[in-house]
Amino acid sequence: MHELSLVSSVFEVLEEKAREHGAVRITAVVLKVGIMSGAVPDLLESAFETFKKGTVAETARLEIVVVPVKVRCPDCGGEAVRADTDFSCAGCGSRRVEIVEGRELVVERIELET
Amino acid sequence: MTTKTITVVRDLLATNKQAAAAIRTELRARGILCVNLLSSPGSGKTTLLEALAERFRDRFRMAVIEGDIETERDAERIRAKGVPAWQITTGGACHLEARMIGKVLGDVPAAIDLLFIENVGNLVCPASYDLGEALRLVLLSSPEGDDKPAKYPQAFLSADALVLTKSDLLAYLPFDPGRAAAEALAIKPGLRIFTVSALRGDGMDGLAGYLAEALEGLRSGRA
Numbered sequence: 101m102h103e104l105s106l107v108s109s110v111f112e113v114l115e116e117k118a119r120e121h122g123a124v125r126i127t128a129v130v131l132k133v134g135i136m137s138g139a140v141p142d143l144l145e146s147a148f149e150t151f152k153k154g155t156v157a158e159t160a161r162l163e164i165v166v167v168p169v170k171v172r173c174p175d176c177g178g179e180a181v182r183a184d185t186d187f188s189c190a191g192c193g194s195r196r197v198e199i200v201e202g203r204e205l206v207v208e209r210i211e212l213e214t
Numbered sequence: 026m027t028t029k030t031i032t033v034v035r036d037l038l039a040t041n042k043q044a045a046a047a048i049r050t051e052l053r054a055r056g057i058l059c060v061n062l063l064s065s066p067g068s069g070k071t072t073l074l075e076a077l078a079e080r081f082r083d084r085f086r087m088a089v090i091e092g093d094i095e096t097e098r099d100a101e102r103i104r105a106k107g108v109p110a111w112q113i114t115t116g117g118a119c120h121l122e123a124r125m126i127g128k129v130l131g132d133v134p135a136a137i138d139l140l141f142i143e144n145v146g147n148l149v150c151p152a153s154y155d156l157g158e159a160l161r162l163v164l165l166s167s168p169e170g171d172d173k174p175a176k177y178p179q180a181f182l183s184a185d186a187l188v189l190t191k192s193d194l195l196a197y198l199p200f201d202p203g204r205a206a207a208e209a210l211a212i213k214p215g216l217r218i219f220t221v222s223a224l225r226g227d228g229m230d231g232l233a234g235y236l237a238e239a240l241e242g243l244r245s246g247r248a
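Residue numbers (the numbering used here), protein chains in the order written: chain R, 101 to 214; chain C, 26 to 248.
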């Protein structure tokens, strides 16, 4: 349950961006959350609802884009999305793959009113 | 009133990653191998450290940073082995973060070879936080069951080595080390795997050798 700590980082970013753009309020926040990031979208949502009261994002809607695991294979050059925890190459079966997506935890964009 | 969409693309763990990078640089410069231990509560992290303290007594100078929600118990166990230990009590937080390690680092004596960080017992949250370690070890004990890697993939994905602990209980439990290893390797190919009993000493030579080799690698890379 480290989502509270993560959401407090979201609000540091929101406060900073609101100041930078002279926003009166933030109306939407889009997070990209990788399946292998270790963060749970439902818990992020609950924490966001708790945190937002009394902030510049009090009325903001949270959108979470869940990013599946995508692997790139250095042996055959293939890229594929993997649904389970078998992170081998879907093309050639190689195990030397690199995870290129699915571990991110990012404030992607926000909507604000000035 | 105007509505604007702002592209931000800011990593939520950026602050932690920066703190971890600073720790990694400092420890590398000091020639200290830092090892972060992750596992569920009761997998044998402290017992493994006690066994390593015995084994390394005349060979390496060890120090330990202990993370727990409450109590100094683990640090006291380590100190009883003659190894300096610092206890971080998180007061409820489920993981250690890099800046907590940064605060303790100034107290760690210069003449140390191996610095272990025993994370808060939790197979989930600590996986997301880089502490500036050179190696991450995940422990899985035989009573926990061999099906855990696929259930908690982030921890195994982030690890350099898997230590299957409490091998002395394998005779009594339906734990298949081969199955645990295969699941973990599907998640993280190249993961080093050790099966040990810290209490009996079985398999500890392999793990100790791996750590000694990593220390040598760190120091030769630095020179």
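Each residue gets a CB set at the ideal place from its N, CA and C atoms; glycine is no exception. Predicted model, so just to flag it, every value in this text is computed and none were measured.
Identified DSSP bridge partners for residue i
| i | result |
| --- | --- |
| residue 93 of chain C | C/114 |
| residue 219 of chain C | C/188 |
| residue 30 of chain C | R/211 |
| residue 61 of chain C | C/142 and C/161 |
| residue 134 of chain R | R/167 |
| residue 129 of chain R | R/162 and R/210 |
| residue 229 of chain C | DSSP output for residue 229 of chain C lists no bridge partner at all. |
| residue 87 of chain C | C/139 |
| residue 153 of chain C | For residue 153 of chain C, which the question treats as bridged, DSSP gives no partner whatsoever. |
| residue 166 of chain C | C/190 |
Distance between residue j and residue i (C-alpha atoms, nearest Å)
| i | j | result |
| --- | --- | --- |
| residue 155 of chain C | residue 120 of chain C | 11 Å |
| residue 45 of chain C | residue 159 of chain C | 11 Å |
| residue 88 of chain C | residue 104 of chain C | 9 Å |
| residue 148 of chain C | residue 199 of chain R | 21 Å |
| residue 95 of chain C | residue 107 of chain R | 24 Å |
| residue 116 of chain R | residue 126 of chain R | 11 Å |
| residue 181 of chain C | residue 114 of chain R | 32 Å |
| residue 51 of chain C | residue 183 of chain R | 39 Å |
| residue 195 of chain C | residue 167 of chain C | 7 Å |
| residue 131 of chain R | residue 145 of chain C | 27 Å |
| residue 93 of chain C | residue 28 of chain C | 46 Å |
| residue 63 of chain C | residue 121 of chain R | 41 Å |
| residue 136 of chain C | residue 32 of chain C | 47 Å |
| residue 134 of chain C | residue 82 of chain C | 17 Å |
| residue 240 of chain C | residue 161 of chain R | 49 Å |
| residue 109 of chain R | residue 209 of chain R | 14 Å |
| residue 153 of chain R | residue 207 of chain C | 47 Å |
| residue 192 of chain C | residue 244 of chain C | 32 Å |
| residue 136 of chain R | residue 109 of chain C | 35 Å |
| residue 142 of chain C | residue 165 of chain R | 34 Å |
| residue 35 of chain C | residue 105 of chain R | 15 Å |
Simplified DSSP assignment, three categories, for residue i
| i | result |
| --- | --- |
| residue 143 of chain C | strand |
| residue 35 of chain C | strand |
| residue 150 of chain R | helix |
| residue 161 of chain R | strand |
| residue 201 of chain R | strand |
| residue 179 of chain R | strand |
| residue 172 of chain R | strand |
| residue 139 of chain R | coil |
| residue 183 of chain C | coil |
| residue 188 of chain R | coil |
| residue 245 of chain C | helix |
| residue 109 of chain R | helix |
| residue 68 of chain C | coil |
| residue 235 of chain C | helix |
| residue 202 of chain C | helix |
| residue 120 of chain C | coil |
| residue 73 of chain C | helix |
| residue 174 of chain C | helix |
| residue 127 of chain C | helix |
| residue 213 of chain C | coil |
| residue 132 of chain C | coil |
| residue 224 of chain C | coil |
| residue 155 of chain R | coil |
Where residue i meets chain R, residues with beta-carbon distance less than 8 Å
| i | result |
| --- | --- |
| residue 42 of chain C | Per Cβ cutoff of 8 Å: no residues; residue 42 of chain C is ~11 Å from chain R at best. |
| residue 178 of chain C | 136 and 185 |
| residue 153 of chain C | 102, 137, 138, 139 and 205 |
Anticipated Cβ contact below 8 Å, residue i with residue j, distance rounded
| i | j | result |
| --- | --- | --- |
| residue 124 of chain C | residue 61 of chain C | About 15 Å; that fails the 8 Å criterion. |
| residue 231 of chain C | residue 219 of chain C | 5 Å |
| residue 236 of chain C | residue 130 of chain C | Between residue 130 of chain C and residue 236 of chain C the Cβ distance is about 20 Å, and since that is not below 8 Å, they are no contact. |
Cβ-heavy atom distance, residue i to the ligand SAM, below 7 Å
| i | result |
| --- | --- |
| residue 124 of chain R | This structure lacks the ligand SAM; in fact it carries no ligand of any kind. |
Interface residues of chain R facing residue i [CB-CB closer than 9 Å]
| i | result |
| --- | --- |
| residue 216 of chain C | Result: empty, since nearest Cβ-Cβ is about 11 Å, beyond 9 Å. |
Contact set between residue i and chain C, taken where Cβ atoms lie within less than 8 Å
| i | result |
| --- | --- |
| residue 146 of chain R | Simply none; closest approach about 16 Å. |
| residue 164 of chain R | Under the 8 Å cutoff, chain C gives no residues; its nearest Cβ is about 12 Å from residue 164 of chain R. |
| residue 117 of chain R | 31 and 33 |
| residue 211 of chain R | 28, 29, 30 and 31 |
Within chain C, the residues that residue i reaches when beta carbons sit closer than 7 Å
| i | result |
| --- | --- |
| residue 110 of chain R | 37 |
| residue 170 of chain R | Within chain C, no residue comes near residue 170 of chain R; the closest Cβ sits about 14 Å away, beyond 7 Å. |
| residue 113 of chain R | 33 and 35 |
Under 7 Å from the C-beta of residue i: neighbouring residues of chain R
| i | result |
| --- | --- |
| residue 182 of chain C | 136 |
| residue 163 of chain C | The premise fails here: residue 163 of chain C is roughly 13 Å from chain R at the closest Cβ pair, so nothing lies under 7 Å. |
| residue 262 of chain C | Since the first residue of chain C shown is 26 and the last is 248, residue 262 of chain C is not available in this structure. |
9 Å Cβ cut-off: residues of chain C touching residue i
| i | result |
| --- | --- |
| residue 214 of chain R | 26, 27, 28 and 29 |
| residue 106 of chain R | 37, 38 and 153 |
| residue 127 of chain R | 28 |
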